[in-house]
Amino acid sequence: MHHLGPLRPPRPLHRRRRRRPLHRPRRRRRFRPCNPNKKRISSGKVGRCSLRPERAAEGGSRLPDPQPTLAVVGSRPPRRLDGEPTHPLRERTDSSAPREDRLIRCTPVANPPNPFESRHAEWLGPPPIARLEVFHDHSRSILSRNDSPDLPFRWSVNPYRGCQHACAYCYARPNHEYLGFGAGTDFDTRIVVKEDAPQLLRKALFSRRWKRELICFSGVTDCYQPLEATYEITRRCLEVCVEAANPVGIVTKGFLVVRDIDVLTRLQRRASVSVYVSIPFARQAAAAAIEPVAPPPDRRFEALTRLSAAGIPTGVMVSPIIPGLNDRDVPEILTRAARAGARWASYTALRLPGNVAAVFLDRLKAAMPTVAGRVEALVRGMRSGELSDSRFGHRMRGSGAHWKAVEALFELHARRNGLNAQEADSEPCGTPPRASESQLALFDLG
1 MHHLGPLRPP RPLHRRRRRR PLHRPRRRRR FRPCNPNKKR ISSGKVGRCS
51 LRPERAAEGG SRLPDPQPTL AVVGSRPPRR LDGEPTHPLR ERTDSSAPRE
101 DRLIRCTPVA NPPNPFESRH AEWLGPPPIA RLEVFHDHSR SILSRNDSPD
151 LPFRWSVNPY RGCQHACAYC YARPNHEYLG FGAGTDFDTR IVVKEDAPQL
201 LRKALFSRRW KRELICFSGV TDCYQPLEAT YEITRRCLEV CVEAANPVGI
251 VTKGFLVVRD IDVLTRLQRR ASVSVYVSIP FARQAAAAAI EPVAPPPDRR
301 FEALTRLSAA GIPTGVMVSP IIPGLNDRDV PEILTRAARA GARWASYTAL
351 RLPGNVAAVF LDRLKAAMPT VAGRVEALVR GMRSGELSDS RFGHRMRGSG
401 AHWKAVEALF ELHARRNGLN AQEADSEPCG TPPRASESQL ALFDLG
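Per my numbering, residue 1 is the first one in the sequence shown, and the count goes up by one each step.
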């Protein structure tokens, strides 16, 4: 007989399962130092918005290859959405490249410290070049409700987050910080795209609860920024509004709006539409310094002319008015807008909430050092010594003698050029309360 060794006890028919605790203790996350030489792909989740890097220019990783040295200040690493480019954009090195491509490629990374992060990065050497990165947004809704008494619309559609126009004064820059980005070059080059916007808008507009209210395009971005030429999200959303016969108001700096004249004409027949072109500067030199990637003023006036010739109601927004910088341009802007066929005109005062003040003042001092001090003093003068006023009823207009003179100047030239002679079918997005008629007494000749 062969020795089989000790016999094992019989195996139970039913295994006894372990009881799992109802509340599993959370493991503490260990933050490992980032290796600048190692490229990695990660994704971030912010609320209900899932952000995933879709494509970026070559070399567009957040932590660059070892040339610049990065010093991190704070208590814990910041939340990042770094990624190796999956579909690189083609870079043009010749002079035939579009102006916005050339400007984005030569802009170094510069972001003020994010107030929602406990750490921020400071470059000990020259910072790397900011590269264009596109992220997907999988939101569950596209209509944003506005409860501010300063704005004459309740609903807005923002097909993008961030804006390639890179306007230094843009009040929407702090919204980018909620996503873990910066309010500086991140707002200009790290763009979030809502590709599901047309489907979400169709679902909302064809709901029984929808009352065909005015929708504004857009509140915290420009719906006709350069990326719209590729994705055509705004155009598809407007086609949904045509099907639903829903009124629309558009505010934009983009010349690309003339591409959609056919859709806007059909929308005007079925419901109503108005397009307000934002033109805060009449001089190209000042516009190129403060809003470097936006179309030149001449192109925006051309867009006004072509839209008006197609029978689309148009208006001009002198927004924002920056005392000491573009307030003298008001008469020329209103005169040229009236000749281009604009029916209405509106304006807002410069407001610099949060880190917008740092971005604007840095850009102003770098581009116009001789007038930067005077402009800052005048801005503080119309804001009671501050750079911004967040109170409803005050944030879009200033105070003081200088601002009252600007309001009177605007109303005078608007009346002379026949602007605002008839009420708008759909009010512009961001129109401030009208100045009282008593302010015109200075120019009333009889």
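All C-beta atoms, glycine included, are put in the ideal place defined by N, C-alpha and C.
Residue i versus the options, residue with shortest Cα-Cα distance
i	options	result
L307	A338, I321, H165 and I261	I261
A282	T305, R235 and P331	P331
A130	R190, H120, Y171 and S156	R190
V134	C216, A121, Y160 and V375	Y160
A338	M368, R416 and C170	R416
A121	S148, F181, I279 and A168	F181
P295	R154, H165 and F153	H165
L124	Y178, A244 and V109	V109
E243	T335, P369, L267 and V257	L267
D329	A287, V293 and E291	A287
N420	E177, T314 and A357	T314
N114	R209, Y169, Y347 and F187	F187
R173	G418, A357, M396 and E411	A357
Nearest-angstrom Cα separation, counted from residue j out to residue i
i	j	result
P198	C223	13 Å
S207	R236	18 Å
V192	H136	6 Å
A289	G400	27 Å
L350	F392	15 Å
V318	T230	28 Å
P126	P112	16 Å
K211	D150	22 Å
Y171	R269	34 Å
H413	R343	13 Å
N146	R363	30 Å
W155	L205	12 Å
I312	R119	49 Å
P369	P280	20 Å
P297	E291	11 Å
R336	A345	12 Å
A366	N355	17 Å
C241	G249	11 Å
E239	R209	20 Å
M396	K404	13 Å
F410	V316	12 Å
P128	G418	50 Å
G162	Y169	13 Å
Y347	S148	17 Å
L132	V275	28 Å
E302	R259	13 Å
8 Å contact criterion, which residue i and residue j should meet: CB distance rounded
i	j	result
T185	T107	6 Å
L352	S388	5 Å
R300	V277	5 Å
K194	S139	6 Å
A340	L378	29 Å between Cβ atoms; not a contact.
H402	G381	6 Å
Q225	G254	6 Å
I321	D327	6 Å
V359	A183	6 Å
Other residues of its chain near residue i: CB distance less than 6 Å, five sequence neighbours each side excluded
i	result
P247	L214, A271, S272 and S426
W175	Going by the sequence as given, residue 175 is Asn instead of Trp. Hits under 6 Å: V220.
C167	E291
E232	none
E177	N114, F116 and A183
Proximal residues to residue i (C-beta, below 7 Å), its chain only, five neighbours per side dropped
i	result
G47	Note that G47 scores a pLDDT of 36, beneath 50, so its modelled location is shaky; the value from the coordinates is reported in the next line. There are no such residues.
G324	V371, R374, V375 and L378
A310	I261 and T265
G398	A349, M382 and R383
T234	P159, F217, C223, Y224 and E228
L256	Y224, E228 and A229
S390	P353
E437	With a pLDDT of only 38 at E437, under 50, the local geometry of the prediction cannot be trusted, and the value read off the model is given with reservation. If we look at E437 and ignore the five residues flanking it on each side, it has no Cβ neighbours.
Neighbourhood of residue i by C-beta distance below 8 Å, restricted to the same chain and skipping five residues each side
i	result
V157	I142, L143, S144, A197, L201, I215, C216, F217, S218, C223 and C237
E386	R380
A245	R212, R270 and A271
Subject >> Within the segment 142-184, ranges of the beta strand (DSSP E) (whole runs, at least 3 residues) >> reply: Counting whole runs of 3 or more residues, the segment 142-184 contains the beta strand (DSSP E) stretches 143-145 and 155-157.
Original post:
Which whole runs of the alpha helix (DSSP H) in the segment 370-417 are 4 residues long or more, in chain order?
Top reply: Qualifying alpha helix (DSSP H) stretches, in chain order: 372-382 and 401-416.
Original post:
Hey, which unbroken runs of the alpha helix (DSSP H) at 4 residues or more fall wholly within the segment 292-379?
Top reply: When DSSP assignments are scanned along the segment 292-379, the uninterrupted stretches of alpha helix (DSSP H) that are 4 or more residues long and fall wholly within it turn out to be 297-309, 330-339 and 356-367.
**OP:** Give, in chain order, every unbroken run of the alpha helix (DSSP H) that is at least 4 residues long and sits entirely within the segment 223-294.
**Re:** Entirely contained in the segment 223-294, the alpha helix (DSSP H) runs reaching 4 residues are, in chain order, 228-231, 233-244, 261-270 and 284-290.
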